[in-house]
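*Asks:* First residue of the sequence shown? That's 1 in UniProt numbering, and the numbers climb one at a time after it.
C-beta atoms are modelled at their ideal positions from N, C-alpha and C, and glycine is treated no differently.
Model, not experiment: these values are computed from the prediction.
Before I ask anything, let me first share the structure, which is written out below as structure tokens.
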Amino acid sequence: MRVLPFACAAGLCAVALARAVEPAPHDARAGERLFVGEARLQNGGAPCLACHAIAGHGLAWSASFGPDLSDVRASYDAGALDALLADVQLPSMEPVYRGHALTPEERAHVTAFLLEPRAVPPEAGSQGRLALLAGAVALALLGLFLLVSRRRMPPVRAALRARLARAPGKAGSR
Numbered sequence: 001m002r003v004l005p006f007a008c009a010a011g012l013c014a015v016a017l018a019r020a021v022e023p024a025p026h027d028a029r030a031g032e033r034l035f036v037g038e039a040r041l042q043n044g045g046a047p048c049l050a051c052h053a054i055a056g057h058g059l060a061w062s063a064s065f066g067p068d069l070s071d072v073r074a075s076y077d078a079g080a081l082d083a084l085l086a087d088v089q090l091p092s093m094e095p096v097y098r099g100h101a102l103t104p105e106e107r108a109h110v111t112a113f114l115l116e117p118r119a120v121p122p123e124a125g126s127q128g129r130l131a132l133l134a135g136a137v138a139l140a141l142l143g144l145f146l147l148v149s150r151r152r153m154p155p156v157r158a159a160l161r162a163r164l165a166r167a168p169g170k171a172g173s174r
């Protein structure tokens, strides 16, 4: 009968140790920090945002090298994304991450972030509208500058020269 309390205690210790060794749940916020570069990747790889855009981070059309990943959920599940990040075979990504592979924990966090629901990326014509709006703001600021500069005081140097020219006996001395 004395063995039973020890067996129960050993079982409870085993369960507690198993829970302590369990991997941490996938943290989408940690994945977001890794994606945008707020947290460094352990093996020194580049942050995803260096090439990819995603809704909610910068301009969604700003991805200059890789595709926008805002709707990656429609094409991939967690297992497929993890496999893609574990063994990068895309020709454009392979040189960047050669020797700088993501750790399993980093992959899990980035995958959790990428699979989060998010807003739909802007439509294709939004970039032209942004350029038009920026041009209109620039023209408005230029017009305001021209309006204000017409009312400025005459240059100080011209006023000083006029005063020196009127002063008797001071024209030749400097």
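Would DSSP call R163 helix, strand or coil?
*Replies:* Three-state DSSP puts R163 in a helix.
*Asks:* In terms of alpha-carbon separation, which member of C51, N43, P95 and H26 lies closest to V36?
*Replies:* The candidate whose alpha carbon is nearest that of V36 is C51.
*Asks:* Excluding the 5 residues flanking A39 on each side, which residues of the same chain have their C-beta closer than 6 Å to its C-beta?
*Replies:* Excluding positions up to five away in sequence, the list reads R33.
*Asks:* For P67 and A53, I'd like the C-alpha separation in whole angstroms.
*Replies:* Rounded to the nearest angstrom, the two C-alpha atoms are 7 Å apart.
*Asks:* May I ask which residues mark the beginning and end of the alpha helix (DSSP H) holding A78?
*Replies:* A78 to A86 is the extent of the alpha helix (DSSP H) around A78.
*Asks:* Given this structure, state the Cα-to-Cα distance separating A20 from D27, to the nearest angstrom.
*Replies:* Because the pLDDT at A20 is just 45, under 50, the model does not fix this residue reliably, and the point stays unresolved.
*Asks:* How many angstroms separate the CA atom of P168 from the CA atom of A158?
*Replies:* Taking the straight line joining both Cα atoms gives about 18 Å.
*Asks:* May I have the straight-line CA-CA distance separating L114 from D77, to the nearest angstrom?
*Replies:* Going from the Cα of L114 to the Cα of D77 covers about 10 Å.
*Asks:* Since F113 is in the alpha helix (DSSP H), which residue starts that stretch and which ends it?
*Replies:* Start and end: P104 to L114.
*Asks:* Tell me whether the beta-carbon of T111 lies closer than 8 Å to the beta-carbon of D87.
*Replies:* No. Outside cutoff.
*Asks:* Could you tell me the distance, in whole angstroms, from the CA atom of L41 to the CA atom of T103?
*Replies:* Going from the Cα of L41 to the Cα of T103 covers about 8 Å.
*Asks:* Would you tell me roughly how many angstroms separate the C-alpha atoms of Y97 and E116, rounded to the nearest one?
*Replies:* Between Y97 and E116, the C-alpha separation is close to 24 Å.
*Asks:* From R73 to G128, what does the alpha carbon distance come to, in whole angstroms?
*Replies:* Answer to the nearest angstrom: the Cα atoms are 27 Å apart.
*Asks:* Could you pull out every residue in the same chain whose Cβ sits closer than 6 Å to the Cβ of L85, ignoring the five residues on either side in sequence?
*Replies:* Cβ within range, chain order: L102 and R107.
*Asks:* Check whether the Cβ atoms of G44 and H109 sit closer than 8 Å, and answer yes or no.
*Replies:* Contact flag unset, no.
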